[in-house]
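Here's the structure we're looking at; comments come further down.
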Amino acid sequence: MKEKRKHYLALVLKDGHLLLVVRGRRREELPLHAKLNDGEWHHVTLLCIDRKVTMSVEIGRTDQKTSAQMKVPKKISASNVVFVGGLPENPPKIPSELLVRLEPFKGCLRKFSIANSTQDLAKPGKHLHVGQCFPKVERGSYFPGDAYAVY
Numbered sequence: 001m002k003e004k005r006k007h008y009l010a011l012v013l014k015d016g017h018l019l020l021v022v023r024g025r026r027r028e029e030l031p032l033h034a035k036l037n038d039g040e041w042h043h044v045t046l047l048c049i050d051r052k053v054t055m056s057v058e059i060g061r062t063d064q065k066t067s068a069q070m071k072v073p074k075k076i077s078a079s080n081v082v083f084v085g086g087l088p089e090n091p092p093k094i095p096s097e098l099l100v101r102l103e104p105f106k107g108c109l110r111k112f113s114i115a116n117s118t119q120d121l122a123k124p125g126k127h128l129h130v131g132q133c134f135p136k137v138e139r140g141s142y143f144p145g146d147a148y149a150v151y
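Heads up, the sequence shown is in the UniProt record's numbering, so the first residue is 1 and it goes up one at a time.
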C-alpha cells in the first residue's frame, strides 16, 4: 500500500545554508544563500502572513539582513508539533520522504521562540540529549546530532 503523502514545513541547515521545505500537494523549497556555519550567532526569522512566508537572517555582527520569500499553498494541513534539532527515534506522523532526507542539527541554538514566546530548549520532558553550549562564552543549547526538543 502506497503511503499517503503528509504535509509539513521543515527549516533545515544544509551545507551551511538555510532551506525551508514546504510540502503541500507539491514539494517546494526556499533557499537562503547566506552561509551560516561560520562560528557566529545569527538571528533567523520565519514569518508567515497572508500565505506569504518570509525567511530572513542577520549576517554576522552587522545590521545587514538577507531574506527570501515564497507563497505557501492554500491548503496545507501540517501538524502543529514543532521538532527542534532533530527527530525522536519513532516520530509521530512524519512522512518517510522527510525521515530519509533529514540530517540532525549539530550546533548551538539560543533564544528560540515560537509566536514571540521564548522556549526553554533544555526543559525536562521536552528534550533528549540536548546539552549546554560553552557556558563561559555564551548561554545556549547544544545539539550534538542525536538530540531534539518538542513543542
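Note that beta-carbon positions come from the ideal geometry of N, C-alpha and C, so glycine has one too.
Stretch pair the segment 5-13 + the segment 65-80: three plus CB contacts closer than 8 Å:
yes
Tell me the rounded alpha-carbon separation between R51 and R23.
Counting from one through the sequence shown, the residue named residue 51 turns up at place 51. Counting from one through the sequence shown, the residue named residue 23 turns up at place 23. Going by the C-alpha atoms only, they are around 14 Å apart.
So what does DSSP say about residue 166, is it helix, strand or coil?
Given a span of 1 to 151 for the chain in the structure shown, any question on residue 166 remains unanswerable.
What are the boundary residues of the beta strand (DSSP E) that T62 is part of?
For the purposes of this step, residue 62 is identified with residue 62 of the sequence shown, where counting begins at 1. Element bounds for T62: n/a, residue is neither H nor E.
Alpha carbon of C133 to alpha carbon of L18, nearest angstrom:
In the sequence shown, residue 133 corresponds to position 133, counting from 1. In the sequence shown, residue 18 corresponds to position 18, counting from 1. If you draw a straight line from the Cα of C133 to the Cα of L18, it is about 21 Å long.
Check whether the Cβ atoms of L36 and L20 lie closer than 8 Å to each other.
Looking up residue 36 in the sequence shown gives position 36. Looking up residue 20 in the sequence shown gives position 20. Cβ atoms of L36 and L20: not closer than 8 Å.
Run the CB neighbour count on G86, radius 10 Å, all protein chains shown included, and call it buried at 16 or more, exposed below.
Indexing the sequence shown from 1 puts residue 86 at position 86. G86 comes out buried.
Separation of H43 from K111, as counted between CA atoms:
Position 111 of the sequence shown holds residue 111. Position 43 of the sequence shown holds residue 43. Taking the straight line from one Cα to the other gives about 9 Å.
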